[in-house]
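Step one of this worksheet: look at the structure below.
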Amino acid sequence: MVNQRISPMLKLVLSIGLISGTSAVTAAPGEDSIARGEEVYSQQCAACHQAGGEGIPGSFPPQKGHAANIFNANGGIGGRDYLAHVLQYGLTGSIDVEGTAYNGNMPAWGGSLSDQQIADVLNYVLTAFGNRERISPDFQPYTAEEVSALSGKDFSGKDVHQLRQAVMGTGEQSSGPAASQDASAAGTAAKVSLEQAVPKPIYAAVQNSGVVERFPSKSTWPGVEGAHYTALSPDGKQLMVSGFKTGNVYIMDTDNGEIQASFPIGKVVQGVKVSPDGRYGLAVATTLGEIAVIDMETLSLVKKVNVGDTPHNIIFNEDSSLAYVTLQGEGALAVVDMTTLDKQRAIPTPGLDSPHNIDISEDGRRLWIRDFVGHVGVLDLDSEKVLKVFKVGAGHGGIDVIPNSRYVATGAISASRVTVIDADSLTVVANPEVGTGPHGVRASADGRYLYASVTADNLITVIDLESLQVVRREPVDGKFPFWVAVPGNP
23 MVNQRISPML
33 KLVLSIGLIS
43 GTSAVTAAPG
53 EDSIARGEEV
63 YSQQCAACHQ
73 AGGEGIPGSF
83 PPQKGHAANI
93 FNANGGIGGR
103 DYLAHVLQYG
113 LTGSIDVEGT
123 AYNGNMPAWG
133 GSLSDQQIAD
143 VLNYVLTAFG
153 NRERISPDFQ
163 PYTAEEVSAL
173 SGKDFSGKDV
183 HQLRQAVMGT
193 GEQSSGPAAS
203 QDASAAGTAA
213 KVSLEQAVPK
223 PIYAAVQNSG
233 VVERFPSKST
243 WPGVEGAHYT
253 ALSPDGKQLM
263 VSGFKTGNVY
273 IMDTDNGEIQ
283 ASFPIGKVVQ
293 GVKVSPDGRY
303 GLAVATTLGE
313 IAVIDMETLS
323 LVKKVNVGDT
333 PHNIIFNEDS
343 SLAYVTLQGE
353 GALAVVDMTT
363 LDKQRAIPTP
373 GLDSPHNIDI
383 SEDGRRLWIR
393 DFVGHVGVLD
403 LDSEKVLKVF
413 KVGAGHGGID
423 VIPNSRYVAT
433 GAISASRVTV
443 IDADSLTVVA
453 NPEVGTGPHG
463 VRASADGRYL
473 YASVTADNLI
483 TVIDLESLQV
493 VRREPVDGKF
503 PFWVAVPGNP
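Position 254 of the sequence shown, counted from 1, bears residue number 276 in my numbering, the numbering being contiguous throughout.
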């Protein structure tokens, strides 16, 4: 029996026909829709759910089998509308798939993918990975019109999680730390003022809302659809922002949020970084295997450099002569010569098959690498050997070598904690609770405060790095804060 707490959502489910779907039979989706859906899946979904739909156990649930089981719920096609809602509004909360627990935060794709693209990718997933054999031969393909009719609701990922409970016929609630985050976040009094916690302006990319928010003024700057990664110029006057899912990278004026320039560089844009000398900005075009080199003074695209399979993010050495690019598809780092603007070589990262985000130690001798599936590794640049691999929170996240400190911090989008590592002893020293789905982590230039973007709870959580305790949770103006740029800490 469904728990009384979600019964209003169940009424909504019934009102939108989630348990219905008995209209006239049509043919299976055409090859054109499936082909389009496969392209969307490969660009936007496969990194987490994998090309074969098998997922990553404990981090990202499978689509193989599971999508068909959801579609077939309640003795028919009870999950039809629910699956569309997952893509439109995201999913936040603890779920169980074939005995494996997942406690993550899938972003909303409505507004980033068109109604037609959502319909196409649903048709692909439900006819791929052996799912077609599991669902009724009377399967009716999704259409853009159907997806459009389901849009426009003020749903969060947590609302969709409640819909899931109704569809699956279970009243179980999320358990563990993530389940109590709303209460703890609301009930924790701020121990420092916002102005004390943020003495110099920081900039959060709020992905689902397509804005950049500046703290502590809380100015909100629109115009960057799918605002994803951010990076400040050394003088703090320019902000690079990647438009995830749009293929554009933007340069913004940090005085007023005006967009100075934008560049279409690829179908999916990920990490961005400005060189310490301020000359170049780099942006990753993941699906093309390239980085785009932008002259930050003339605001012109200088060159595109082929670096390898599925690049994700970048860090420079101190004198701006080299850039290191994570190659998530190769288990390696590309080394780019910034004088010739060519790939110099690749450095393997054994133990880290999917290097994701990256930072460099203050002495320039070690690279700290966060992978896609819950690990951090430290690589010695003299020997080019991985010294140690740490198990951290599930999923992917940012990583930051804290300035003027012995600490390194990393987020975990499929968990609720930030992990703090002692870089001297190479040990984990703390795992403070910050909220559901922390991803970006960046510390103030003096090393006093760490800012974590908490994607599901729509917060910037502040950790005091002396006590390693949370001292403030500040709401953002929008949904899915993904990354934070901090002056003095590139």
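Glycine is no exception: its CB is placed at the ideal position from the N, C-alpha and C atoms. Fair warning: this is a prediction, and the values are worked out from it, not measured in the lab.
Per DSSP, reduced to three states, the secondary structure at threonine 309 is helical. Annotated three-state conformation of lysine 410 is strand, per DSSP.
By the criterion of a C-beta distance shorter than 6 Å, threonine 268 is surrounded in its chain by Glu247, Gly248, once the five residues flanking it on both sides are discounted. Distance from the Cα of methionine 262 is smallest, within the candidate group Arg301, Gly77, Ile435, for Arg301. In this structure, glutamine 138 and alanine 166 form a Cβ contact; the two beta carbons are roughly 4 Å apart against a cut-off of 8 Å.
Classified as exposed, leucine 448 has fewer than 16 neighbouring CB atoms from the shown chains inside 10 Å of its CB. If you ignore the 5 residues before and after serine 231, its C-beta comes within less than 6 Å of the C-beta of Gly500, Lys501, all in its own chain and listed in chain order. Looking only at Lys222, Glu76, Gln162, Leu144, the smallest Cα-Cα distance to threonine 122 is reached by Glu76. Contact between phenylalanine 266 and glutamine 229 holds, with the beta-carbon distance rounding to 6 Å and staying under 8 Å. If you look at methionine 360, you'll find it isn't in any beta strand (DSSP E); DSSP assigns it neither H nor E. Counting only residues of its own chain and dropping the five nearest sequence neighbours on each side, alanine 283 has a CB closer than 7 Å to the CB of Ile273, Leu321. If only uninterrupted alpha helix (DSSP H) runs of at least 4 residues are considered, none is enclosed by the region 233 to 275. The count of Cβ pairs closer than 8 Å, one atom from the region 150 to 162 and one from the region 182 to 189, stays below three, leaving the stretches out of contact. Aspartate 317 is bridged by DSSP to Tyr302, Ser322. If you ignore the 5 residues before and after tyrosine 111, its C-beta comes within less than 6 Å of the C-beta of Ala130, Phe177, Val182, all in its own chain and listed in chain order. Pairing histidine 378 with histidine 334 gives a Cβ-Cβ distance under 8 Å. In the DSSP annotation of this structure, the continuous segment of the beta strand (DSSP E) that includes phenylalanine 285 starts and ends at 281 to 286. Pairing proline 298 with glutamate 340 gives a Cβ-Cβ distance under 8 Å. Per DSSP, aspartate 181 is one residue of the alpha helix (DSSP H) stretching across 179 to 190.
In this structure, the straight-line span from the alpha carbon of leucine 135 to that of threonine 483 is close to 29 Å. In this structure, the CA atom of valine 329 is about 22 Å from the CA atom of glycine 386.
Annotated as proximal: tyrosine 104 and leucine 185, with beta-carbon spacing under 8 Å. Around the beta carbon of lysine 175, a 10 Å sphere encloses fewer than 16 other beta carbons of the protein chains shown; the residue is thus reported as exposed. At a Cβ-Cβ threshold of 8 Å, valine 476 and proline 503 count as neighbours. DSSP places tyrosine 471 in the uninterrupted beta strand (DSSP E) bounded by 471 to 476. A distance of 8 Å or more separates the beta carbons of alanine 356 and leucine 304.
If you draw a 10 Å sphere on the C-beta of threonine 149, you find 16 or more other C-beta atoms in it, and that means buried.
For the region 463 to 512, the full-length beta strand (DSSP E) segments reaching 3 residues or more read 471 to 476, 481 to 486, 491 to 497, 503 to 507 along the chain. Boundaries cannot be given for asparagine 278, as no alpha helix (DSSP H) includes it and DSSP labels it neither H nor E.
In the DSSP assignment, valine 423 falls within the unbroken beta strand (DSSP E) covering 421 to 423. Under the criterion of beta carbons closer than 8 Å, proline 454 and isoleucine 421 do not qualify as touching, at roughly 16 Å. Lysine 213 has its alpha-carbon roughly 42 Å from the corresponding atom of glutamine 65. Alanine 219 sits away from valine 508, with the two beta carbons spaced by 8 Å or more. By the Cβ neighbour-count rule, leucine 374 is buried, with 16 or more other Cβ atoms within 10 Å of its own. Beta-bridge analysis with DSSP links valine 450 to Ile443. For glutamine 350, the secondary structure class from DSSP, reduced to helix, strand or coil, is coil.
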